[in-house]
Amino acid sequence: MKHMEVVGVRVEMPANQPIVLLKETDGERYLPIWIGAVEATAIALAQQGVKPARPLTHDLFRDVLDALDATLTTVNITALENGIFYADLVFSNGVEVSARPSDSIALALRTGTPIYARDDVIEEAGVPIPDEQEDEVERFREFLDNITPEDFGRTT
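Okay, so the sequence shown: first residue is -19 according to this note's numbering, each after it adds one.
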């Protein structure tokens, strides 16, 4: 398993399909995962530190975990089958729950939980971006700093 960091979300044109981009913390490979607009908004809000007036689903899940004195210990991106990514939520009591990677990432950002991806998933779907292309990644990060939930066609 490789530790991953969330670079952010963007909308892939012309299909208008949101993606979340993860990066190996100790490598140069990026893992793009196509996600839904609602999940893209949830991830973007968490990255920007936006607190909605009422809790969104991922905020509610975090609050329920707190109320039950449970901890999400890791999010693991476990498989890629027929173009579909799979993830597991791993809790402090040892229980593992299968979940969509987009929901898992949104929850991880709200709880400060580390995200990992299996080596074979990164080998299959990872995209290496050499240092000379880091300027493009930096432009992407600037884009992420300025994106709003309205850019995904949804407001809080």
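Don't be surprised by glycine CBs; every beta carbon is placed ideally from N, CA and C.
Across the set V18, V107, P94, the C-alpha of V18 shows the shortest separation from the C-alpha of L36. Contact between I23 and V44 is absent: CB atoms are separated by about 19 Å, not below the 8 Å threshold. When secondary structure is reduced to three states using DSSP, R34 falls in the coil class, being assigned neither helix nor strand. Around the Cβ of D49, a 10 Å sphere holds fewer than 16 other Cβ atoms; the residue is exposed.
The bridge partners DSSP lists for D99 come to none.
With a cutoff of 8 Å on beta-carbon distance, K(-18) and E4 are scored as near each other. Across the set Y66, F41, I102, the C-alpha of F41 shows the shortest separation from the C-alpha of L89. For the pair of segments examined, the stretch 61 to 80 was found not to touch the stretch -12 to -4: the number of CB pairs separated by less than 8 Å stays below three. The C-beta of I13 has 16 or more other C-beta atoms within 10 Å across all chains shown, which makes the residue buried. When rounded, the separation of the alpha-carbon atoms in A97 and A33 is 33 Å. Under the three-state reduction of DSSP, L48 is assigned to coil, being neither helix nor strand. Ranked by how close their Cα comes to the Cα of T91, the residues D6, I57, H38 have H38 in first place. Assignment of P81 by DSSP, reduced to helix, strand and coil, places it in the helix class.
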